[in-house]
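Quick note on our numbering: the sequence shown kicks off at 18 and runs consecutively.
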Amino acid sequence: MQNSLVSKYNVAGPRYTSYPTVPYWNNEGFSLNEWKKGVIRSFSESNSKEGISLYIHLPFCESLCTFCGCNKRITKNHNVETPYLESVLNEWQLYLKLFTERPIIKELHLGGGTPTFFSADNLKLLLKGIFRDATIAENPSFSFEGHPNNTKDDHLQTLYDCGFTRVSYGVQDYNPTVQVAIHRLQPFVNVKNVTNTAREIGYTSVGHDLIFGLPFQKIEHVIYSIEKTKELMPDRIAFYSYAHVPWIKGNGQRGFKEADLPSAAEKREMYETGKKMLEEAGYVEIGMDHFALKSDSLYRAVEEKKLHRNFMGYTDSKTQFMLGLGVSAIGDSWYSFGQNVKNVEEYQDLVAQNIIPVYRGHILNEEDLLIRKHILNMMCKLETSWEETSLQFKELPEVLSKLKEMEDDGLIVIGAKKLQITEKGRPYVRNVCMAFDVLLQRNQPETQLFSMTV
């Protein structure tokens, strides 16, 4: 039965870190001036109430990991650090001119690329520059992505001293054959050292990222990787399906063939086996692809119905306004999305000209905002409701009709004014969201835009 469900529902679909999804942004109706208006409106509405979120993209890596679909620049030249960080701080200054009051930073995440490519001293200079013109919220949520091979003690100590309490390490898989295929050689001892050091310093949440569906990966590799992970018991685990999107420009996913990847049925077995092992170890599944111990803030966010999802993934704190700084970073004013240019030199040139380097985006209309609420509900709460008239939309009957087969398969329960995703249906939450995605339904892509849902 499980394999037949996989065959039926394994289609290309978004991961819904935003709605509308990026391929369906109306770039023709977007402009830098409209983006600025959305930023000003959202900041004035929310800063004093809940603060803002910052995402800072640090794109440099010393070597290419061939599983990665992120925007990055491969170099061993560390002279790029200072000019890049100066550009980020200058971009921050451009936004400060739009704000009517001192920003309150509630959430901050350093992503990449490899944030720990940068020296600890340079990261400190970056953060001091950001904090100089801002107020730190009470109980902020500061986190960064660390590479187990190059995260040093001074990285961890410096960022902790700057208010960071959470770090996530990209583990992916501990099998040497898989590591060679994805060009990510890192022994268990490196992960163990950086995990233990973070805890000794005082980090309250250490996360590990594991991927299933990688080239040459077998079910026994997943079992071994989770057994090793259990030795360290990270506070939260991202256990997610490899997204094979080799058509994206600049993507490194060409070091192996399609035939080297596990089948959809094999991937589903990896997920089910891994999920069982993690739950037996005391982890609770959170939303889609995430697991956390009950002592972690991500679990508490679920219990308190505060779990949120944005371009950083799942987060335990929500702000209406999230500002993206750095090359390719995406910002979210709630009313609009804006993405920075993807080329480092172009980014630096625009900032040097005092131009906010946003090159594309989307202004959300009333329908977008409504559908966005439903998709956020399903991704974060595994349910949504249209009991309030304001949450109803004209295509709702058609959407529910499309979902009848999923209900017959036991994946969802549809009530008079509510939809719930069952435990059996949890792996197919993206498929449920796709039925609500009216832009996708109206304009089915002729070529593949997204990774497979299973």
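Ideal Cβ positions, reconstructed from N, Cα and C, are used throughout, including at glycine.
Check                                                                                                                           : Outcome
Closest by C-alpha distance to histidine 238, when choosing among Glu283, Phe161, Tyr26, Gly146                                 : Glu283
Minimum length 4: unbroken alpha helix (DSSP H) runs contained in the region 347-387                                            : 361-369
Through-space distance from glutamate 286 to tyrosine 259, alpha-carbon basis                                                   : 14 Å
Spatially closest choice to leucine 115 from Ser70, Trp52, Leu202, by CA coordinates                                            : Trp52
Closest Cα partner of aspartate 178 within the set Ser418, Lys141, Thr212                                                       : Lys141
Sequence-distant residues of the same chain with beta carbon closer than 8 Å to arginine 119, five excluded per side            : Asp150, Ala151, Thr152
Nearest to glutamate 405 (by Cα), restricted to the options Pro374, Thr34, Asp426, Ala433                                       : Ala433
Beta carbon of leucine 342 nearer than 8 Å to that of glutamate 108                                                             : yes
Host alpha helix (DSSP H) of serine 314 (start-end)                                                                             : 314-320
Leucine 144 versus glycine 129 - alpha carbon distance                                                                          : 16 Å
Proximity below 8 Å, CB of tyrosine 186 to CB of aspartate 226                                                                  : yes
Cβ-based burial, threonine 117 [other Cβ within 10 Å; buried from 16]                                                           : exposed
Where aspartate 171 falls, given that 16 or more other Cβ within 10 Å makes a residue buried                                    : exposed
Residue burial classification, lysine 123 (beta-carbon count within 10 angstroms, cutoff 16)                                    : buried
Cut-off 8 Å between Cβ atoms - residues of its own chain near leucine 340, not counting five sequence neighbours on either side : Val56, Ile69, Ser70, Leu71, Tyr72, Tyr112, Gly348
Sheet register partners of aspartate 333 (DSSP bridge)                                                                          : Partner(s): none; aspartate 333 has no beta bridge.
Candidates Glu79, Lys411, Thr83, of which the one nearest threonine 92 by Cα                                                    : Glu79
Glutamine 203 classed as buried or exposed, judged by whether at least 16 other C-beta atoms fall within 10 angstroms           : buried
Burial state of arginine 337 (16 or more Cβ within 10 Å)                                                                        : For the record, residue 337 in the displayed sequence is glutamine; it is not arginine. Buried.
Segment limits, alpha helix (DSSP H) that includes proline 157                                                                  : Per DSSP, proline 157 belongs to no alpha helix (DSSP H); it is in the beta strand (DSSP E), 152-163.
Where glutamine 234 falls: helix, strand or coil (DSSP)                                                                         : coil
Residue nearest to phenylalanine 181 in terms of C-alpha spacing, selected from Tyr191, Asn192, Thr194, Gly163                  : Gly163
Separation of lysine 235 from lysine 292, as counted between CA atoms                                                           : 16 Å
DSSP beta-bridge partners of valine 301                                                                                         : Ala309
Arginine 216 and aspartate 313 closer than 8 Å at C-beta                                                                        : no
Cβ-based neighbour list, leucine 387, same chain, cut-off 8 Å, excluding 5 preceding and 5 following                            : Ser407, Leu408, Phe410
Rounded straight-line distance, which links the Cα of tyrosine 257 to that of serine 136                                        : 29 Å
Glycine 55 - containing alpha helix (DSSP H), residue span                                                                      : 49-67
Alpha carbon of glutamine 174 to alpha carbon of threonine 133, nearest angstrom                                                : 12 Å
Distance between leucine 249 and lysine 209 (C-alpha atoms, nearest Å)                                                          : 7 Å
Three-state class that DSSP yields for glycine 130 in the structure shown                                                       : coil
CA nearest to the CA of methionine 451, picked from Ser402, Val184, Thr439, Met395                                              : Met395
Nearest-angstrom Cα separation, counted from serine 104 out to alanine 369                                                      : 7 Å
Burial state of proline 374, where buried means 16 or more other Cβ atoms lie within 10 Å                                       : buried
Local Cβ density within 10 Å of isoleucine 372, reported as buried at 16 or more and exposed below that                         : exposed
Entirely enclosed alpha helix (DSSP H) segments - the region 382-433, minimum 4 residues                                        : 383-398, 413-419, 421-425
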